[in-house]
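Residue numbers (the numbering used here): 4 to 294. Built from N, CA and C at the ideal position, the CB exists for glycine as well. Model, not experiment: these values are computed from the prediction. First the structure, in the form of structure tokens, and then the observations on it.
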């Protein structure tokens, strides 16, 4: 027996305990209906009335209006927990509350993954008939116009996730950019770290210092880049130290030349030209050695 069929039978037994005098025809309809959804893990709302059983899958973009369409004085409502295989009687208000909950949206590593999911969900629930998958701001406004709280919550969360993924992409690009100084790198990277929720009290630490901190609670985009940023920080500091040393050597050489000019008697043109050539060759040697 397949897992879905076994789950359907177990749920049917649970219903039989709650409704011992269930009509055989209704029993058969209920089993067939449960069998359609038993391969899913989403919970269900089961509505029993004179028309027979109606099943609405939770955590999906089913309209709450489906519940109202089945409302009658003879309706009874049940919450089916699919993974635990439990059936509990509930009232209309509880069923309404459960149906208003927006479906869970999984985590995505890339914008491409999110866009693929979004296109599949729009197709699955027929949302393209009144929303625009390529214009989520319009879709959010339309959902509010339709007064569909479930859809508003779902589209809002999608927009939030897209913005976070776009921010992570920008952070990733900024960490790879070229910087002349370590301060320039800090000025570019730290504001994006702040936008990603990095703790303010740690913001002024160097990346090498951050590498020894507990990263619990940090955005994964930051966690994954700390080692890389530490290496880049070391490279910038090393480059800056060499540049400062090179400049100090050049300044010292020029100072010596100026001192020699003021202390010694005036030189002939040939001597001055010779000194200039020697100074230029020395300067080139220093540049080549320290670059």
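Does the distance from the C-beta atom of residue i to that of residue j stay below 8 Å?
i, j, result
"residue 45", "residue 61", "yes"
"residue 48", "residue 89", "no"
"residue 117", "residue 171", "no"
"residue 205", "residue 216", "yes"
"residue 8", "residue 38", "yes"
"residue 160", "residue 105", "yes"
"residue 213", "residue 168", "no"
"residue 211", "residue 233", "yes"
"residue 110", "residue 79", "no"
"residue 58", "residue 40", "yes"
"residue 143", "residue 64", "no"
"residue 240", "residue 185", "yes"
With a 10 Å radius around its C-beta and 16 neighbouring C-beta atoms as the bar for buried, classify residue i as buried or exposed.
i, result
"residue 293", "Because the pLDDT of residue 293 is 47, which lies under 50, any placement of that residue in the model is unreliable, and the number read from its coordinates should be weighed accordingly. Burial call: exposed."
"residue 132", "exposed"
"residue 18", "buried"
"residue 11", "buried"
"residue 96", "exposed"
"residue 231", "exposed"
"residue 81", "buried"
"residue 151", "buried"
"residue 92", "exposed"
"residue 14", "buried"
"residue 56", "buried"
"residue 195", "buried"
"residue 85", "buried"
"residue 236", "buried"
"residue 77", "exposed"
"residue 134", "buried"
"residue 28", "exposed"
"residue 257", "exposed"
"residue 149", "exposed"
Between which two residues does the beta strand (DSSP E) holding residue i run?
i, result
"residue 185", "Note, residue 185: premise wrong, no beta strand (DSSP E); alpha helix (DSSP H) at 185-198."
"residue 113", "No beta strand (DSSP E) contains residue 113, which DSSP labels as neither H nor E."
For residue i, write down the residues that DSSP places opposite it in a beta bridge.
i, result
"residue 80", "50 and 93"
"residue 56", "51"
Between which two residues does the alpha helix (DSSP H) harbouring residue i extend?
i, result
"residue 210", "210-213"
"residue 178", "152-179"
"residue 137", "Residue 137 -> no alpha helix (DSSP H), and no H or E assigned at all."
"residue 32", "27-40"
"residue 225", "223-226"
Query - Given 8 Å, three or more beta-carbon pairs between the region 218-232 and the region 240-249 - result: no
Requested in this report: Check whether the region 132-144 touches the region 180-195, taking contact to mean three or more Cβ pairs, one atom from each stretch, closer than 8 Å.
Outcome: no
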